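The sequence shown begins at 15 in my numbering and counts up by one.
No residue lacks a Cβ here, since even glycine has one placed at the ideal position from N, Cα and C.
The structure presented is a predicted model; accordingly, all values stated were derived computationally and were not measured.
Note sheet for the following structure.
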Amino acid sequence: METFWQDVRFAARMLAKSPGFTAVAVLTLALGIGANTAIFSVVDAILLRRLPVDAPEHLVVIHNQLPKVNLPRTEISALQFRDYADRTDVFESAAAITFRNYNLTGTDQPQRLLGMRVSASLFPLLGVHPVAGRVFTAAEDAYGAQHVVVLSQNVAERMYGSAQGSIGKRLQLDGESYEIVGVLPRALEVIYADVEFWTPMAFTPRELNEERRWSLTFEMLGRLRRGVGLAAARATMATMAARMNGSMDSSMGAFGIEVRPFVEEHVGDVRQPLYILLGAVSLVLLIACANIANLLLARGSARSRELAIRGAMGAARSRIVTQLLTESLLLAVLGGALGLLIAEWGCQLLIRMAPANLLRTAAIGLDPAVLLFTLAVSVVVGVLFGLAPALEAARKDLAGALKEGGRGTPEASGRQGLRRALVISEIALAIVLLICSGLLLRSFEKLLEVKPGFDPTNVLTAQVSLPRTKYTDEAKIASFSDALLARVSSLPGVLHAAMADQPPLTPGTDNSVFSIRDYHPGPKDPQPHADTIYTTPDYFAAMRIPLLQGRTYLESEMRPNRGPIGEGSVVVIDEALAKIFWGRESALGKQLGWGDKGPWATIVGVVGTVRSDDLAEESKGTIYFPYHAPGMTLVVRTGSDRRWRSVWLPPWSAGDSRPRYSVCSQLWRLRLH
């Protein structure tokens, strides 16, 4: 051990004698190690750590598949959940879930909270136990049962100071009273990061009505029985799908049921990009190693006389190699230490850039596993870039080096070959990175060139959702929307104000199958389907979506209480949908409906195509309906974005259950991920 510390002290003195070389080497290594540490922290948090549930490898998620109507993976209905769970023998237990926003009232100011309706079986299925109280029972998961709620640990501590202190308290959610019976641990936030509470699923009679069999609004989780593998489960569900195909509406096309591993559901979409990113930064580190190895070879030539003297004084070649490797390892450790600072900054940057639906972003950071990875990488790269120069220096001709009087011996052809090989490897790796970077930049450039179809400049949005218990019909919703728009339109600086249920670049825009009057698609013809958006008349002016043909709908054509389609109703479609079904023929005057027998809505206008989900996806066609929906987004165009604060509405009264939430300027950031 004493010899080791002697080597370390000597290595430190030698590096201190060459501050320029040391600074360049340490900074180069820090950039390479820091980048690898930052990316590994993301990979570790998202891909490598086990999900906080029991036996996640036996958990699956069930999706319906309707590729003909552009729904390759979608939700299921309440009736389908019961069929899949009860009429197959592959699941030990199953649970239905759906996300829902609630208005919390009875506090100083109304709040908007994200909750989940879940089957009582969800928590035993996941193996999640409350930190206080209990989860709800099967009896409470029935229509008409007493209202109970389970909180997340963060919400319980924020509202009541502690998890235990919340038990027995009551919350007003959408105007109804719920008793708090339990608090779930923070570990569940890894899977459901933004969920603040859970209520019983308690399917309603309407949801279980046969007419709602294809109302696809629920997700299904299942735990496979012992001895049932993924292949067997898929075969069983494929058989059920085949039976269902015989009883389905043929217009929906072939139907399938997907059985997807639970882990894949949560991390599958990001697995490949993260591993590609880790591979890219590994190449950067290899380039850094080759660069440092070349610097050490050059430095070894300059130190040839020193090493020759040490050899002449009796130092064994192995001792010289050990000393030189110690210098390399010290460089690597210094680079790793500085790299940790770079990695910490990189982690924060990655968290800010991460997609909103990416799991476990809160776990990204420099934890013990990441620190151990950094130490291991530092040691490996220290040996990697230091071994060849150390062995090369130890092979020098000692007598020749002494005769040269400190000028260094001429490099042997083998040494020159090693340095050339290192330079060639650096160039090759750099070319690979440049090509990949060029392709990515080209893709990014093309994405930036995509026209979204609207102008987000000086546009503000505020999401407003009305409590379902108070606003029970469309007439009340329409009355509130009209009053809100009149109030906002009168504010200084407001040019246009409108409401829409799903503004552009909002993930998960509703996609619906529809019928065209007197249109009968053949077996190979596209089945009519399109995104559906409910708006008020001024929406197109507020978003600056160009009118190409006809007109937009009028205030008098808003449908307050009979649904979006009825006798005499009108719609506006986008150019993409018009081209798909009418080509060069005018779409004006054509009629659309939900079924082959009507009622029908007449197309009165064609507007420009808007990217509904994200910039990378072309529009599948969009139908705009003059209709008020319970959950709407207020869209306001102002004369100047600098005056955006002027459109803040006065606060609601303490007893009002209509919270505003997610108010933002410059509309939505264009989604590039």
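So the candidates are the options; which of them puts its Cα closest to the Cα of residue i?
i: A249; options: V273, V295, P470, L355; result: V273
i: T566; options: H143, I579, I587; result: I587
i: G635; options: R625, L591, K604; result: L591
i: A357; options: L345, D381, I181, E106; result: D381
i: H77; options: A252, V132, G182, A201; result: A252
i: V473; options: P517, S55, S526, L311; result: P517
i: F35; options: E632, L140, A307; result: A307
i: V209; options: L288, G282, V169; result: V169
i: E89; options: R456, A110, Q167, P506; result: A110
i: G270; options: L509, Q79, E71; result: Q79
i: G467; options: S626, S570, A544; result: S626
i: T112; options: V584, L499, I449, R131; result: R131
i: M258; options: T213, G141, D97, L118; result: D97
i: D552; options: E571, P542, T546; result: E571
i: I530; options: V585, L519, A497; result: V585
i: L291; options: R456, V397, S332, C450; result: C450
i: P214; options: F639, Y157, R313; result: Y157
i: L648; options: S180, V478, V437; result: V478
i: L354; options: G619, Q167, A49, I438; result: A49
i: E632; options: F150, I594, S91; result: I594
i: G653; options: A556, G645, I617; result: A556
i: V75; options: T121, V57, A99; result: A99
i: V527; options: G360, W228, F232; result: W228
i: Q362; options: V142, T550, E203, T51; result: T51
So what does residue i bridge to, in DSSP terms?
i: Q125; result: L118
i: M254; result: Beta-bridge pairing links M254 to no other residue.
i: M234; result: I76, A110
i: F639; result: Y548
i: A514; result: T549, T647
i: Q20; result: In DSSP, Q20 forms no bridge with anything.
i: R573; result: Y641
i: S529; result: G607
i: D283; result: Partner(s): none; D283 has no beta bridge.
i: P275; result: V74
i: H543; result: V527
i: D381; result: According to DSSP, D381 bridges with nothing at all.
i: V508; result: T652
i: V67; result: Bridge partners of V67: none, in fact.
i: L568; result: L568 pairs with nothing; no bridge assigned.
i: Q563; result: V620
By Cβ distance, which residues of its chain are closer than 7 Å to residue i, with the 5 residues on each side in sequence left out?
i: Y116; result: L127, G129, L187, D188
i: D21; result: T336, Q337, T340
i: R285; result: L61
i: T375; result: I365, A368
i: G580; result: R573, P613
i: R27; result: none
Near residue i, which residues of its chain fall below 8 Å by C-beta distance, leaving aside the five closest residues on each side in sequence?
i: R659; result: At R659, the pLDDT of 48 sits below 50, so the modelled position is not reliable and the matter cannot be decided from this model.
i: R683; result: Summary for R683: the model assigns pLDDT 39, below 50, so the residue's position carries little reliability; its value from the coordinates is reported in the next sentence. Around R683: no qualifying Cβ.
i: L447; result: A294, L297, V298, I301
Take residue i and list the residues in its own chain whose beta-carbon comes closer than 6 Å to its own, dropping the five residues that flank it on each side.
i: G669; result: Annotation note: pLDDT 43 at G669 (below 50); position unreliable, coordinate value reported separately. Closer than 6 Å at Cβ, skipping near neighbours: no residue.
i: S495; result: M513, H642
i: G350; result: I47, T388, S392
i: A377; result: A59
i: E16; result: none
i: I637; result: A544, T546, V585, I587
i: F18; result: none
i: K31; result: none
i: P665; result: Any answer about P665 is weak, because its pLDDT of 45 lies below 50 and its placement is not dependable; what the coordinates show is given next. Cβ within range, chain order: n/a, list empty.
i: S504; result: none
Shorter than 9 Å from the beta carbon of residue i to some beta carbon of chain D?
i: V57; result: Absent here is chain D; the protein component of the structure consists of one chain.
Return the Cβ separation of residue i and residue j in integer angstroms, given the expectation that the two are a contact with Cβ distance under 8 Å.
i: V621; j: L561; result: 6 Å
i: R239; j: E106; result: 5 Å
i: L93; j: L222; result: 6 Å
i: P144; j: V164; result: 7 Å
i: A346; j: G396; result: 3 Å
i: P275; j: L235; result: 11 Å between Cβ atoms; not a contact.
i: Q167; j: R200; result: 5 Å
i: V104; j: A247; result: 5 Å
i: G564; j: L602; result: 5 Å
i: T550; j: L499; result: 7 Å
**Report entry** Whole runs of the beta strand (DSSP E) within the stretch 87 to 173, excluding any shorter than 3 residues
**Finding:** 105 to 119, 125 to 132, 162 to 166
Query - Unbroken stretches of the beta strand (DSSP E), 3 residues or longer, contained in the stretch 590 to 618 - result: 605 to 607
**Report entry** Every unbroken beta strand (DSSP E) inside the stretch 168 to 217 [3 residues or more]
**Finding:** 184 to 187, 190 to 198, 211 to 214
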